[in-house]
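Be aware that the sequence shown starts at 2, since it is given in the working numbering, and climbs by one per residue. Ideal Cβ positions, reconstructed from N, Cα and C, are used throughout, including at glycine. Being a predicted model, the structure only gives us computed values, none of them experimental.
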Amino acid sequence: MSTVIVAGDLFLRNGFAPGVSRAVRDQIAAADHALVNLEGPVTARLERLSKSGPHLTMPATALDRVRDAGFTGVTLANNHILDAGLGGLADTLADAAARGLATVGAGTEPAGARDAARIRLPLPAGWLTVLNYCEHEWSVRADGAGASGWDVLDARADVVAARAAGDAVLVILHGGNEYFPLPRPGLRRELRFLAESGADAIVMHHSHVPGAYEVWAGVPIFYGLGNFQFTAPSTARAWREGLLVSLTFSPTDTRFAVVPLRQTDSYDVRLATATEAAETRNELEGYRLQVGSDEALTARWEEFAADAAGMYARGLLPTRPFRGHLGRAAQLARARLFWRDPDARMIALNYVRCESHLEAMRTALQLRSR
C-alpha cells in the first residue's frame, strides 16, 4: 500500500515566515508523497498580469518553507499562477526543480499546459499519475501555455490513459465557488463522472474553507480542503481552518483519513485540538449528507447563488435606470462607459468564462426570473 498527502492552498507573503508544527510535519513525512497547492508564482519579477482580482506572488524562500514542511511537490493549476506572467511561472518551475520539488499543472510553452497536467510519481508498488487542472480564469491561456484548464472530457481521457498504463490515478482540481463548502451541482456531476471513469481519488481546493466529501462508485471525492497556510487576513469564518487528506492506494480500493488543521493569528499551522477536530468532523458529516441529497444540495446552492446575485449584477452590462427614451439613453451611455473600462470588462469576462461563476450567475438569473 502507498500513501499520498494532499493539502490545500498555500500563500506566503513576502516578509512572513510562519511555522508548521512538528505534529503536522510528522503527518506529512509519513506519506510517500505530499502535495500542496502553491497559490501564486515564486518570483521577484515586477510584471503583473492584466486581470481582475488580487495579484499573489511569493519570494523564493516560500519554496524552502514548503520543502521544510515535508512536501515533495506542488500543484500549480490555479487562478494565480500567472499573476507575474509566464516569466513568473518559469521562475517558479526552476526554483522548485532546484529544491527537488515535483511540479504539476502548468507549463510555459504554447500547448504545454496539456502535458503539464499530469505527472507520474513512483510508489513502493507501482506508479501514481497525478492529474491537476483548474477552472478557466486568468491562468488558462488561449495558446495552451500557463495552467491546465478544466475540461471534463479531457480529464476523462487522461484518467483512462493512466489506468490503461496500470497506474493509480489522483485528480486534483482547483475550482468551485469561494467560501461555499459544497460543490455546484454541475461540478458534482462532472466529478462523479470521473469517479465512474476510473479515478482512484479526487481532491479539490480553491474555496478557502473546508468542504464536503463523499464516496461515489467507491472513489473518495473531497470538494474542498480549505487553506493550508495563507498569510492574508480575512473575515471568512473558516479561513484559518484546513484539512490534510491522507490517501492510501491499494490494488482493490482507496482508503482515506482526514486531519483537521488550524492557523494561528500569526499564521503558524498546527493540528486542531480534540474539540476543534470534533467540530470540524461534525461539519464535514453535515456537508456529506447535503452533497448526497439532490434536494439539499439544490437548496444550499440556490441560497448561495441568490446571495451572490448582486455581485454578478454589478459586474455585468448596466441596466436601464429609467423607463422611456431617457432610460434608453442612460443605458446606452452606461454601456459605452462599460466598453471603455478595462477593469469592468475583465470582471465581466471572468464571470462568464469561469465555470463556477457562470453556473452561479445562471442560477441567480433563473431564481430572479421565476
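Sequence-distant residues of its chain with Cβ nearer than 7 angstroms to residue 125 (five each side left out): Stepping through the sequence shown from its first residue, residue 125 is reached at position 124. Around residue 125: 3, 33.
Measure how close the beta-carbons of residue 244 and residue 261 come, nearest whole angstrom, since I'm counting them as under 8 angstroms. By one-based count along the sequence shown, residue 244 stands at place 243. By one-based count along the sequence shown, residue 261 stands at place 260. Correct: roughly 6 angstroms between the Cβ atoms.
Residue 3, enclosing alpha helix (DSSP H) - first and last residue: Counting from one through the sequence shown, the residue named residue 3 turns up at place 2. From DSSP, residue 3 is part of no alpha helix (DSSP H) but of the beta strand (DSSP E) over 3-12.
Buried or exposed, going by whether 16 or more other CB atoms sit within 10 Å of the CB of residue 28? Mapped onto the sequence shown, residue 28 falls at position 27. Result: buried.
Taking residue 203 as the reference, which of 230, 167, 249 has the closest Cα? One-based indexing of the sequence shown puts residue 203 at position 202. Closest option to residue 203, Cα to Cα, is 249.
Can you check whether the CB of residue 292 is closer than 8 angstroms to the CB of residue 213? As a first step, residue 213 is located in the sequence shown; it is residue number 212 there, counting from the start. As a first step, residue 292 is located in the sequence shown; it is residue number 291 there, counting from the start. The answer is yes: Cβ separation under 8 angstroms.
Of all the alpha helix (DSSP H) runs that stay within the bounds of the stretch 226-258, which reach a length of 4 or more residues? none
Nonlocal neighbours in the same chain, by C-beta distance under 7 angstroms from residue 277, ignoring five residues either side: Indexing the sequence shown from 1 puts residue 277 at position 276. Taken in chain order, the residues that qualify are 261, 263.
For the stretch 11-60, list the alpha helix (DSSP H) runs that are entirely contained and at least 4 residues long, ordered along the chain. 23-30
Use the C-beta contact count for residue 219: other C-beta atoms within 10 angstroms, 16 or more gives buried, fewer gives exposed. Counting from 1 along the sequence shown, the entry for residue 219 is found at position 218. Counting Cβ neighbours within 10 Å, residue 219 comes out exposed, since fewer than 16 surround it.
Which word fits residue 90, buried or exposed, when buried means at least 16 other C-beta atoms lie within 10 angstroms of its C-beta? Position 89 of the sequence shown, counted from the first residue, corresponds to residue 90. Looking at its Cβ environment, which holds 16 or more other Cβ atoms inside 10 Å, residue 90 is buried.
In the DSSP assignment, what residue or residues form a beta bridge with residue 174? Taking the first residue of the sequence shown as 1, we reach residue 174 at position 173. Paired residues: 134, 205.
Taking the beta strand (DSSP E) that residue 221 falls in, what are its first and last residues? Numbered from its first residue, the sequence shown carries residue 221 at position 220. Run containing residue 221: 220-223, per the beta strand (DSSP E) assignment.
Helix or strand or just coil, what does DSSP make of residue 90? Stepping through the sequence shown from its first residue, residue 90 is reached at position 89. Looking at residue 90 - three-state DSSP - the assignment turns out to be helix.
Nonlocal neighbours in the same chain, by C-beta distance under 7 angstroms from residue 191, ignoring five residues either side: Within the sequence shown, residue 191 is the residue found at index 190, counting from 1. If we look at residue 191 and ignore the five residues flanking it on each side, its Cβ neighbours are 153.
Count the CB pairs spanning the stretch 58-70 and the stretch 122-137 that are closer than 8 angstroms, and state whether there are at least three. no
Contacts around residue 1, its chain only, beta-carbon distance under 8 angstroms, and the 5 residues preceding and following it disregarded: Residue 1 is absent from the structure shown; the chain starts at 2 and stops at 371.
Using 8 angstroms as the Cβ pair cut-off and three pairs as the minimum, do the stretch 70-80 and the stretch 362-369 touch? no
In the DSSP output, what is residue 76 paired with across the bridge? On the sequence shown, position 75 is the one that residue 76 refers to. Paired residues: 38, 105.
Within 8 angstroms, strictly: CB atoms of residue 232 and residue 13: The residue labelled residue 232 in the question sits at position 231 within the sequence shown. The residue labelled residue 13 in the question sits at position 12 within the sequence shown. It is a contact, given that the beta carbons lie within the stated cut-off.
Quick one, are the C-beta atoms of residue 87 and residue 109 less than 8 angstroms apart? Residue mapping note: residue 87 aligns to position 86 of the sequence shown, counting from 1. Residue mapping note: residue 109 aligns to position 108 of the sequence shown, counting from 1. It is a contact, given that the beta carbons lie within the stated cut-off.
When DSSP labels each residue in this structure, what does residue 186 get in the three-state scheme? Working through the sequence shown from its first residue, we reach residue 186 at position 185. Helix at residue 186.
Using a Cβ-Cβ cutoff of less than 7 angstroms, which residues in the same chain neighbour residue 71 once the five nearest sequence positions on both sides are dropped? Position 70 of the sequence shown, counted from the start, is the residue given in the question as residue 71. Answer for residue 71: 26, 29, 30, 35, listed in chain order.
Report the three-state DSSP secondary structure of residue 110 (helix, strand or coil). Indexing the sequence shown from 1 puts residue 110 at position 109. In the structure shown, residue 110 sits in coil (DSSP, three-state: anything other than H, G, I, E or B).
Pick from 189, 146, 342: whose alpha carbon is nearest that of residue 113? Residue mapping note: residue 113 aligns to position 112 of the sequence shown, counting from 1. Residue 113 has its Cα closest to that of 146, out of 189, 146, 342.
Inter-residue Cα distance where the pair is residue 183 and residue 288: Walking along the sequence shown from the start, residue 183 turns up at place 182. Walking along the sequence shown from the start, residue 288 turns up at place 287. In a straight line, the C-alpha of residue 183 is about 7 angstroms away from that of residue 288.
Are the CB atoms of residue 117 and residue 101 nearer to each other than 8 angstroms? Counting from one through the sequence shown, the residue named residue 117 turns up at place 116. Counting from one through the sequence shown, the residue named residue 101 turns up at place 100. Going by C-beta atoms, residue 117 is not nearer than 8 angstroms to residue 101.
Exposure of residue 372, with buried meaning 16 or more beta-carbon neighbours within 10 Å: Here the chain comprises residues numbered 2 to 371, so residue 372 is not present and cannot be evaluated.
Leaving out five residues on either side along the sequence, give the residues of the same chain with a beta carbon under 8 angstroms from the beta carbon of residue 354. In the sequence shown, residue 354 corresponds to position 353, counting from 1. So the qualifying residues of the chain are 137, 138.
Would you kindly report the start and end of the unbroken alpha helix (DSSP H) that includes residue 154? Locating residue 154 in the sequence shown gives position 153, where the first residue counts as 1. Residues 153-165.
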